[in-house]
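Quick note: to get my numbering, add 496 to the position in the sequence shown (first position is 1). Even for Gly, the Cβ is constructed at its ideal location relative to N, Cα and C.
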Amino acid sequence: MKKFALATLLAAPLLALPAMLAQPALAGDTPAPKNAYLYIGWPNDGEVINNRRFRVWFGLRNMGLAPAGVEWPNAGHHHLIIDRDLPPFDEDIPADNNHLHFGAGQTETVIELEPGVHTLQLMLGDHNHVPHDPPVISKKITITVK
Ligand SMILES: [Cu+2]
Numbered sequence: 497m498k499k500f501a502l503a504t505l506l507a508a509p510l511l512a513l514p515a516m517l518a519q520p521a522l523a524g525d526t527p528a529p530k531n532a533y534l535y536i537g538w539p540n541d542g543e544v545i546n547n548r549r550f551r552v553w554f555g556l557r558n559m560g561l562a563p564a565g566v567e568w569p570n571a572g573h574h575h576l577i578i579d580r581d582l583p584p585f586d587e588d589i590p591a592d593n594n595h596l597h598f599g600a601g602q603t604e605t606v607i608e609l610e611p612g613v614h615t616l617q618l619m620l621g622d623h624n625h626v627p628h629d630p631p632v633i634s635k636k637i638t639i640t641v642k
């Protein structure tokens, strides 16, 4: 009986989870045009790169770039996500070694990665570093660094 009570106690916090997951998926408040298209210009998906240090080109169609903190319509700034899944759409995009912000409106960068398989993905953020509605996200690519 004691065992059962303990199991019930442990299960209680888990039962609250489905209710939280049932909330509609949230996005930021800044609208993005439905035809916005974000892509990594280089490297290509599946690229094998013979240098740990390499350049990444960002591409964006049907939207403009604005520096972080500047609220222009149909604009945002690039975020490069390295070896991570997408962050939540209704919060600030994290800023760390796996989530790089390009708040000056940069359209390329040079990164250095350990040899091995890595993923790269771009996500546009608004003036507050929050994803747009709908979120503007590139395809996630996989590369191999030699
Ligand atoms: Cu940002």
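**Study point:** Closest Cα partner of A564 within the set G621, I578, I633
**Key:** G621
Practice item. Using 10 angstroms around the beta-carbon of A571, count the other beta-carbons present and answer buried if the total reaches 16, otherwise exposed. Key: buried
Review point. What residues in its chain sit with their C-beta under 7 Å from that of D579, if we drop five residues either side in the sequence?
Key: N594, H614, T615
Point to revise | Identity of the residue in P630, T526, P627 nearest W568 by Cα | key: T526
Point to revise | Neighbour-count burial assignment, L582, 16 or more Cβ in a 10 Å radius | key: exposed
Exercise for review: Let me know the secondary structure DSSP gives I607 once reduced to three states.
Suggested key: strand
Review point. Between G542 and T638, is the Cβ-Cβ spacing less than 8 Å?
Key: yes
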